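Only one structure is covered here, and it is reproduced in the block below.
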Amino acid sequence: MYIRYGLWFVTFFVFWGGVEAQKNILTYGEPAKIWTEALPVGNGRIGGMVFGGVREERIALNEATLWSGGPVPVSINPEARQYLPQLRKAVMAEDYSEAERLARKMQGVWSESYLPLGELVIRQELGGKEVSDYRRELNLRDAVARTLYRVDGVQYTREVFVSAPDQVMVVRWICDRMGALNVAIGATSLLRNEKKTGAGYWEMNGKTPAHVEPSYVESDNPVVYEDNNPCRGMRWAMRARVANKGGSVTRDTSGITVKGASELVLYVSMGTNFKGALRCPEGDPNMRVVDKPFERIWTDHLADVHKYFDRVELRLGETHTGVSATDERLAAYAKGGADPGLEALYFQYGRYLLMSSSRTPGVPANLQGIWNAELRAPWSSNYTSNINVQMNYWPVEECNLSEMHAPLFGLLEALAVTGKRAAQEFYGAPGWVVHHNTDIWALATPVGDKGKGEPKWANWPMGGAWMVRDLWEHFLFTRDTAFLRGTAYPLMKGAAEFVLGWLVKDAEGRLVTAPSMSPENDFIYADKKVGDVSVATTMDMGICRDLFDALLEAGKVLGGDAGFQARVGEAKKRLFPYQVGAQGQLQEWYKDYPSPDPHHRHVSHLYSLYPADEISVARTPDLAKAVEKSLELRGDVGTGWSMAWKVNLWARLRDGNHAYRLFRSLLRLTKENDINMHGGGGVYPNLFDAHPPFQIDGNFGGTAGIAEMLLQSQDGELSLLPALPDAWEEGAFRGLVARGGFVVDVEWKAGKVTTAVIRPRVDGVCRVRTAGPMRLIGVGLASKKTADGWVLTFNAKKGGRYVLGL
Ligand code: FUC
Numbered sequence: 000m001y002i003r004y005g006l007w008f009v010t011f012f013v014f015w016g017g018v019e020a021q022k023n024i025l026t027y028g029e030p031a032k033i034w035t036e037a038l039p040v041g042n043g044r045i046g047g048m049v050f051g052g053v054r055e056e057r058i059a060l061n062e063a064t065l066w067s068g069g070p071v072p073v074s075i076n077p078e079a080r081q082y083l084p085q086l087r088k089a090v091m092a093e094d095y096s097e098a099e100r101l102a103r104k105m106q107g108v109w110s111e112s113y114l115p116l117g118e119l120v121i122r123q124e125l126g127g128k129e130v131s132d133y134r135r136e137l138n139l140r141d142a143v144a145r146t147l148y149r150v151d152g153v154q155y156t157r158e159v160f161v162s163a164p165d166q167v168m169v170v171r172w173i174c175d176r177m178g179a180l181n182v183a184i185g186a187t188s189l190l191r192n193e194k195k196t197g198a199g200y201w202e203m204n205g206k207t208p209a210h211v212e213p214s215y216v217e218s219d220n221p222v223v224y225e226d227n228n229p230c231r232g233m234r235w236a237m238r239a240r241v242a243n244k245g246g247s248v249t250r251d252t253s254g255i256t257v258k259g260a261s262e263l264v265l266y267v268s269m270g271t272n273f274k275g276a277l278r279c280p281e282g283d284p285n286m287r288v289v290d291k292p293f294e295r296i297w298t299d300h301l302a303d304v305h306k307y308f309d310r311v312e313l314r315l316g317e318t319h320t321g322v323s324a325t326d327e328r329l330a331a332y333a334k335g336g337a338d339p340g341l342e343a344l345y346f347q348y349g350r351y352l353l354m355s356s357s358r359t360p361g362v363p364a365n366l367q368g369i370w371n372a373e374l375r376a377p378w379s380s381n382y383t384s385n386i387n388v389q390m391n392y393w394p395v396e397e398c399n400l401s402e403m404h405a406p407l408f409g410l411l412e413a414l415a416v417t418g419k420r421a422a423q424e425f426y427g428a429p430g431w432v433v434h435h436n437t438d439i440w441a442l443a444t445p446v447g448d449k450g451k452g453e454p455k456w457a458n459w460p461m462g463g464a465w466m467v468r469d470l471w472e473h474f475l476f477t478r479d480t481a482f483l484r485g486t487a488y489p490l491m492k493g494a495a496e497f498v499l500g501w502l503v504k505d506a507e508g509r510l511v512t513a514p515s516m517s518p519e520n521d522f523i524y525a526d527k528k529v530g531d532v533s534v535a536t537t538m539d540m541g542i543c544r545d546l547f548d549a550l551l552e553a554g555k556v557l558g559g560d561a562g563f564q565a566r567v568g569e570a571k572k573r574l575f576p577y578q579v580g581a582q583g584q585l586q587e588w589y590k591d592y593p594s595p596d597p598h599h600r601h602v603s604h605l606y607s608l609y610p611a612d613e614i615s616v617a618r619t620p621d622l623a624k625a626v627e628k629s630l631e632l633r634g635d636v637g638t639g640w641s642m643a644w645k646v647n648l649w650a651r652l653r654d655g656n657h658a659y660r661l662f663r664s665l666l667r668l669t670k671e672n673d674i675n676m677h678g679g680g681g682v683y684p685n686l687f688d689a690h691p692p693f694q695i696d697g698n699f700g701g702t703a704g705i706a707e708m709l710l711q712s713q714d715g716e717l718s719l720l721p722a723l724p725d726a727w728e729e730g731a732f733r734g735l736v737a738r739g740g741f742v743v744d745v746e747w748k749a750g751k752v753t754t755a756v757i758r759p760r761v762d763g764v765c766r767v768r769t770a771g772p773m774r775l776i777g778v779g780l781a782s783k784k785t786a787d788g789w790v791l792t793f794n795a796k797k798g799g800r801y802v803l804g805l
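Numbering (numbering that gives the first Met the number 0), first residue to last: 0 to 805.
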């Protein structure tokens with residue numbers, strides 16, 4: 000028997016032997032013409048989009064803390080709260096047009112904008128000579144973009160990476176003929192700037208605008224500079240330094256010129272004087288000076304990125320397309336071809352993007368991660384907290400990148416401060432609140448410029464209560480009790496204090512939210528009228544229930560806090576329940592109102608199936624059926640993140656084939672002009688998620704969706720291959736993480752698990768759901784057949800390794 004299990008072991012490891020690592024590369028046969036063809040690099044703070052040009056290389060530059068504005072003003076709309084009683088009366092009386100009017104009086108200011116730093120432009124002098132053997136690639140594992148080409152018999156190779164250990168962007172350029180490098184390095188910026196030279200370097204710097212209006216607001220003066228206001232706008236700088244082998248280097252204000260070099264390394268530092276959400280920017284831009292040799296920067300970079308990237312491997316089957324360029328693979332895939340390698344590449348790309356955009360304390364990945372080229376980016380490239388910023392963090396724990404959660408928790412700490420002020424100022428309520436938008440300054444009030452926002456998004460006050468679920472998830476995956484006690488519980492409690500103060504009784508004494516919106520959908524009432532503000536939307540009630548559940552569970556782990564725990568327990572019992580509507584769907588609003596847009600991209604009311612878990616196929620089958628009906632009625636079409644959400648929802652419904660169908664749409668090659676707000680999401684040639692024009696949430700949601708099809712753990716048990724589509728008949732993953740702190744490897748054939756290895760990070764009871772009976776070697780095992788499979792239970796010890804086999 001032991002020999003048999005031993006053999007599994009051997010095959011399992013041979014299976015991964017080396018080849019997979021080669022596959023985590025995006026390749027292209029031509030330079031990028033537009034930004035959505037360029038390749039992203041980043042260390043969580045400094046970001047670049049590499050075009051891979053020959054005569055002119057462009058690298059769009061970003062720095063995660065480079066925003067307009069300054070700390071949130073202390074008083075924004077002191078009149079707001081006086082309208083709350085009237086507004087509550089209006090929604091209770093179903094006078095929804097009056098409610099809409101009043102809600103507009105309770106709005107604040109627009110969020111600030113995430114800004115592009117500039118663009119590095121590098122011109123190579125090649126005369127009229129022809130370029131051949133061109134290739135560019137992004138190696139995800141090594142986190143490096145490479146451009147290779149030949150001119151006049153000379154092989155040129157350029158590498159761009161951003162080191163986290165050394166906080167610098169590095170462009171290394173080599174050629175195989177002495178002295179063949181002749182280049183001029185300069186930069187441009189859409190921001191006001193100055194350029195200067197200093198001892199050994201060339202610099203571009205400036206101060207960001209005091210305010211930038213969102214792109215959807217018409218304005219004669221959308222970009223406002225206040226150069227003498229130290230508290231609005233921040234100072235920033237980019238500094239470039241060249242180390243060369245051979246040739247000469249000269250500098251003037253326009254940039255750096257290198258002549259006749261055989262090799263050059265360009266070090267680009269970037270920084271701002273951002274000092275945290277709650278403080279005015281101060282002092283000089285924060286830039287690290289690197290004084291290490293290139294080789295050490297490179298090896299330290301590799302050690303750093305491999306540490307995270309290598310934790311997970313995924314193989315979904317063999318690719319037989321015979322095409323290797325990523326854009327060509329995408330084109331073949333869009334025609335219906337099979338390419339499991341491309342699907343796995345997309346998964347790893349999501350992990351790569353998270354590692355590259357979420358490592359700056361207090362500054363999570365925004366709507367575009369850290370990559371934005373526009374001064375007035377779509378939706379200000381801010382944090383949208385009615386789905387988008389949350390979706391960014393869906394893959395983080397399960398895909399074994401738990402550390403990348405920290406920036407979000409840092410922002411939550413700041414939001415607890417600004418959100419407390421907002422709760423008091425706008426509602427006279429306790430605790431802290433966040434609405435649907437926030438920014439680097441932790442804006443917590445409604446947006447809308449006092450009446451110009453639509454209440455269905457601007458006034459929705461449940462963003463904070465939703466965001467704190469990430470703290471709870473982090474605990475569930477790590478079982479880090481110190482984190483739960485010191486960080487998570489206090490923040491969750493503050494968010495719940497607002498909710499407890501916000502809930503009111505309806506006519507039947509049930510606790511409801513009022514006003515309440517189902518982001519960002521409208522409903523039809525009184526025959527033809529369209530409303531958006533009402534009472535107790537299903538999402539609101541789901542968020543309340545989920546938060547209360549988490550707090551009660553946390554209370555059991557931590558003990559104490561009896562008075563508050565009792566309040567939460569009492570309130571939970573009285574919450575307005577879920578309703579099933581006339582079509583058998585999970586009702587979206589308090590009443591069974593239809594929507595004027597039945598295929599609306601948001602599926603807010605399905606929150607309790609995913610990302611939350613109160614609704615489940617196993618535990619609440621009737622409600623799960625209702626969710627399924629809602630999903631059918633909503634249809635599959637949507638913008639990028641909308642489809643990604645639905646992939647996760649179908650995975651939770653254990654319908655792998657439907658999830659996969661949506662996933663294929665998410666991975667459909669899209670051109671910039673083909674998409675609009677009603678659908679047509681997909682990916683660009685660089686695999687960025689298409690949402691007019693780009694939003695990173697769809698990438699992260701899609702990555703989470705793949706993981707969700709392969710492993711689930713929300714029902715108190717690990718479910719192996721819970722929603723495996725027929726298309727992934729054979730495959731394997733290594734290193735996905737389940738709640739309870741279990742690291743899981745699975746290999747499957749003909750759609751059935753053949754081997755699973757479970758490595759606990761903490762001690763605990765492990766329950767595993769499988770489709771059929773499996774054996775476990777080395778430890779005692781209780782196995783039990785259930786209606787839909789088998790559940791194996793065993794005591795797992797930290798540091799142990801448990802192998803399940805057929
Ligand atoms: C919400 C969504 C939009 C977009 C924006 C950033 O308003 O409805 O689709 O994702 O956030």
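For each residue, glycine too, the CB sits at the ideal point set by N, CA and C. A quick note: this is a predicted structure, and the numbers were derived from the prediction, not measured.
For residue i, three-class secondary structure by DSSP
{"i": "His435", "result": "coil"}
{"i": "Ile695", "result": "coil"}
{"i": "Pro84", "result": "helix"}
{"i": "Phe732", "result": "strand"}
{"i": "Asp545", "result": "helix"}
{"i": "Trp440", "result": "coil"}
{"i": "Gly583", "result": "coil"}
{"i": "Gly763", "result": "strand"}
{"i": "Ile33", "result": "coil"}
{"i": "Gln879", "result": "With the chain covering 0 to 805 only, the question about residue 879 has no answer from this structure."}
{"i": "Tyr382", "result": "strand"}
{"i": "Gln423", "result": "helix"}
{"i": "His601", "result": "coil"}
{"i": "Gln711", "result": "strand"}
{"i": "His305", "result": "helix"}
{"i": "Ala20", "result": "Low confidence applies here, because Ala20 scores a pLDDT of 44, under 50, leaving its location unreliable; read the following figure in that light. Looking at Ala20 - three-state DSSP - the assignment turns out to be helix."}
Sub-8 angstroms separation of residue i and residue j beta-carbons
{"i": "Val761", "j": "Gly740", "result": "yes"}
{"i": "Thr754", "j": "Val802", "result": "yes"}
{"i": "Gln694", "j": "Trp640", "result": "yes"}
{"i": "Asn181", "j": "Lys258", "result": "yes"}
{"i": "Leu400", "j": "Arg478", "result": "no"}
{"i": "Gly254", "j": "Ala198", "result": "no"}
{"i": "Thr318", "j": "Asp338", "result": "yes"}
{"i": "Gly634", "j": "Gly680", "result": "no"}
{"i": "Ala611", "j": "Leu585", "result": "no"}
{"i": "His210", "j": "Gly68", "result": "yes"}
Cβ-based neighbour list, residue i, same chain, cut-off 6 angstroms, excluding 5 preceding and 5 following
{"i": "Tyr200", "result": "Arg238 and Arg240"}
{"i": "Ala722", "result": "Ala650, Arg653, Gly655, Ala658 and Met708"}
{"i": "Ala513", "result": "Arg87, Val90, Val503 and Val534"}
{"i": "Phe308", "result": "Arg140"}
{"i": "Ser712", "result": "Ala737 and Arg738"}
Contacts around residue i, its chain only, beta-carbon distance under 8 angstroms, and the 5 residues preceding and following it disregarded
{"i": "Ala749", "result": "Glu728 and Glu729"}
{"i": "Val529", "result": "Asp521, Phe522, Ile523 and Pro595"}
{"i": "Val81", "result": "According to the sequence provided, residue 81 is Gln. The question's Val does not apply to it. No residues qualify anywhere along the chain."}
Contact set for residue i: own chain, Cβ-Cβ below 7 angstroms, skip 5 residues either direction
{"i": "Lys796", "result": "Pro759 and Asp762"}
{"i": "Trp456", "result": "Asn385, His435, Pro518 and Glu519"}
{"i": "Leu189", "result": "Pro115 and Leu374"}
{"i": "Asp812", "result": "Within the shown structure, residues of the chain are numbered from 0 to 805, placing residue 812 beyond reach of any answer."}
Near ligand 3: residue i beta-carbon under 7 angstroms from a heavy atom
{"i": "Trp378", "result": "Among the ligands modelled here, namely ligand 1, ligand 3 does not occur."}
field: Stretch pair the stretch 23-32 + the stretch 315-333: three plus CB contacts closer than 8 angstroms
entry: Contact between the stretch 23-32 and the stretch 315-333 is present, because at least three Cβ pairs lie under 8 angstroms.
- prompt: On the three-pair Cβ rule with 8 angstroms, is the stretch 114-121 touching the stretch 385-399?
  reply: Counting C-beta pairs closer than 8 angstroms gives fewer than three between the stretch 114-121 and the stretch 385-399, which falls short of the contact rule.
field: Every unbroken beta strand (DSSP E) inside the stretch 765-796 [3 residues or more]
entry: Segments of the beta strand (DSSP E) lying fully in the stretch 765-796: 781-785 and 788-795.
message: With a threshold of 8 angstroms, are at least 3 pairs of Cβ atoms found where one atom belongs to the stretch 146-156 and the other to the stretch 210-228?
response: Contact between the stretch 146-156 and the stretch 210-228 is absent, because fewer than three Cβ pairs lie under 8 angstroms.
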